[in-house]
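Below: the structure, in C-alpha cells.
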Amino acid sequence: MAVLNVNPTRMELTRLKKQLNTALRGHKLLKDKRDELMRQFLDTVREVKVMREETEKKINLVHTHFLLASSVMSKETLDAALMFPKQEVFLETGKKNIMSVDIPTYDYKTRTGEQSDIYAYGFASTSFELDDAVGGLAELLPQLLILAEKEKAVKLMADEIEKTRRRVNALEHVLIPRYQDTIHFIAGKLEENERSSRARLMKVKDMMIEEQITYKRNHPDAV
Amino acid sequence: MWKGCVNCMVKIAVIGDNESIKGFAAVGLEIFPCERDEDAPALLKRVVDAGYGVLYITEHYATVLSKEIEKLNRQFSPSVVPIPGVSGNTGIGRQQLKAAVEKAVGSDIIFHS
Chain S
1 MAVLNVNPTR MELTRLKKQL NTALRGHKLL KDKRDELMRQ FLDTVREVKV
51 MREETEKKIN LVHTHFLLAS SVMSKETLDA ALMFPKQEVF LETGKKNIMS
101 VDIPTYDYKT RTGEQSDIYA YGFASTSFEL DDAVGGLAEL LPQLLILAEK
151 EKAVKLMADE IEKTRRRVNA LEHVLIPRYQ DTIHFIAGKL EENERSSRAR
201 LMKVKDMMIE EQITYKRNHP DAV
Chain L
1001 MWKGCVNCMV KIAVIGDNES IKGFAAVGLE IFPCERDEDA PALLKRVVDA
1051 GYGVLYITEH YATVLSKEIE KLNRQFSPSV VPIPGVSGNT GIGRQQLKAA
1101 VEKAVGSDII FHS
C-alpha cells in the first residue's frame, strides 16, 4: 500500500477526494483519446503501406526510364535538358488537428498548370525515354506529396500515442491507486480517532458519575 | 522561418546522389546533390534551416542520416520521406513505418515479416 505523506485530517481527505475525481476523469478522457488515436493511426498506416509500395514501384520505373535515356543520350545533353526546369512547385501548408495532434496538410501549386507544358527541352535532341521519365515523375508528384503528408501524420501520431499510453498507465497504475490508498488510510485514521475520543468520553463520564456517587455517600445531608 | 503561421508557401527539396535526383529538378523540385556521406549531415542541416517543408531523401542517404531524420520526425515540420534511388530499394521507408507502428502499438501488426 502506497500512502502519500499527508496529515490525516478531514481537510486533506476532501482535497484528496477531489484530486481522485479529477484523476479518474482524466484517465477516462485519456483512454478515449488513446483508443481513437489508435484507430485513426491504424487506418492511416494501412493506407500508407499500400501507397508506399506503389510509389516505390513507380519511382523505380522512373529511374529505369532515366537510365535508358542516359544510355541513349550523351550525359551533357541529358544534363542540359534537365538543367533549366520550366516547372516550379510551391507547397501551401496548413494544419489539421486530429485528437490534439497537429498534422501538416500540403496543397501544391505549380507554375505551369498544363500537364503537357512541363518539358523544358526541345524534343529534337532528346530521346522519348526522357519524356517518359519526366512525364512519369510529374504524374507521380501529387502522390509523393500525399505520401509525405500521410507518413508525417503516422510518425507524429505514433509519438502522441506513446505519450498518451504512458500517461494512461501512470494514472491507472500509480496515481489513482495511491490516491485511493491514501483516502482509505485517512478515513481509517479518522474513524480510529473518533472511536478513541468516544472511549475517552465514556471513561470520563464513568469517572464523573463515580465521583458523584462517592461524594453523595460521604455527604448524605448535602442537597 | 515559416513555423507557426497557418498557411504558408514552402518549397520541396530532394537530397541524394546526383544520378538519382536530377530528374526531380525537371518537375520543379529543388535538388541538393550529395556525393559523399560525410557531407550529408551538413547539407541536411542547411536544407532544414532554409525552411523547406518536405524533404525527399534517397534511401542510401536516409540510412546515413537516420539519426538526424529520427529527430526531424518528432517535429511538425519538415516531413522527411525516404525514396528509392537508382541503386535500388533498401526498404528503409518501410522500416521507419514499422518502427512507428511498434512505437504506437507495442508490436508490429501491420508489416510483420
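So the protein sequences, as listed, match chains S and L.
Counted the way the numbering used here counts, the first sequence spans residues 1 to 223.
Counted the way the numbering used here counts, the second sequence spans residues 1001 to 1113.
Positions of the beta carbon are idealized from the N, C-alpha and C atoms, including for glycine.
Closer than 8 Å to chain S by CB, residue 1011(L): yes
Under 8 Å, with one C-beta from each stretch per pair, do the stretch 1083 to 1095 of chain L and the stretch 44 to 60 of chain S reach the 3-pair mark? yes
Could you check how far apart the C-beta atoms of residue 13(S) and residue 187(S) are, in whole angstroms? I think they sit under 8 Å. 7 Å
The stretch 1028 to 1062 of chain L: which residues have C-beta closer than 8 Å to a C-beta of chain S, in chain order? 1028, 1029, 1053, 1054 and 1056
Mind listing the chain L neighbours of residue 159(S)? Cutoff is C-beta to C-beta under 9 Å, in chain order. 1073, 1074, 1100, 1103 and 1104
Under the three-state DSSP convention, the category residue 1053(L) falls into: In the structure shown, residue 1053(L) sits in coil (DSSP, three-state: anything other than H, G, I, E or B).
Check whether chain S comes within 8 Å of residue 1097(L), counting only Cβ atoms and requiring the distance to be less than that. yes
Within the continuous alpha helix (DSSP H) that includes residue 97(S), where are the two ends? Careful: residue 97(S) lies outside any alpha helix (DSSP H), inside the beta strand (DSSP E) at 89 to 98.
Go through its chain and collect everything with a Cβ distance to residue 44(S)'s Cβ below 8 Å, but skip five positions before and after it. So the qualifying residues of the chain are 150, 153, 154 and 157.
Contact residues within the stretch 166 to 178 of chain S, judged by C-beta distance below 7 Å to chain L: Listed by position along the chain: nothing, the set is empty.
Mind checking if residue 31(S) is an interface residue toward chain L, Cβ cutoff 8 Å exclusive? no
So the candidates are 176(S), 73(S) and 161(S); which of them puts its Cα closest to the Cα of residue 1105(L)? 161(S)
Once DSSP output is grouped into helix, strand and coil, what is the label at residue 1111(L)? coil
Would you report the Cα separation of residue 1056(L) and residue 97(S), rounded to the nearest angstrom? 24 Å
Check each residue of the stretch 17 to 43 of chain S: if its Cβ is closer than 9 Å to any Cβ of chain L, include it; give the result in chain order. Against chain L - using a Cβ distance shorter than 9 Å - the residues of the stretch 17 to 43 of chain S are 37, 38, 41 and 42.
Does DSSP put residue 1003(L) in a helix, in a strand, or in coil? Low local confidence applies: a pLDDT of 48 at residue 1003(L) is under 50, so the model's placement there is unreliable, with the coordinate-based value given in what follows. Three-state DSSP puts residue 1003(L) in coil, outside helix and strand.
For residue 1035(L), which residues in the same chain have their Cβ closer than 8 Å to its Cβ, ignoring the five residues on either side in sequence? Taking residue 1035(L) as the centre and dropping the five residues before and after it, the same chain places the C-beta of 1017 and 1018 closer than 8 Å to its C-beta, in chain order.
Using three-state DSSP, classify residue 992(L) as helix, strand or coil. It is not possible to answer for residue 992(L), since the shown part of chain L is limited to 1001 through 1113.
Between residue 3(S) and residue 167(S), what straight-line distance do the alpha-carbon atoms span, to the nearest angstrom? Approximately 20 Å between the Cα atoms of the pair.
Taking 7 Å as the limit between beta carbons, can you name the residues of its chain near residue 72(S), skipping five residues before and five after? If we look at residue 72(S) and ignore the five residues flanking it on each side, its Cβ neighbours are 127 and 129.
For residue 73(S), which three-state DSSP category applies? coil
Taking a contact to mean a Cβ-Cβ separation below 8 Å, would you say residue 1054(L) touches residue 1078(L) in this structure? yes
Against residue 85(S), what residues of chain L qualify as contacts under a CB-to-CB distance less than 8 Å, listed in chain order? Those are 1025, 1026, 1027 and 1028, listed as they occur along chain L.
Give me the Cα-Cα distance between residue 164(S) and residue 145(S), rounded to the nearest whole angstrom. 28 Å
Locate the beta strand (DSSP E) running through residue 1013(L), then write down its first and last residues. 1012 to 1016
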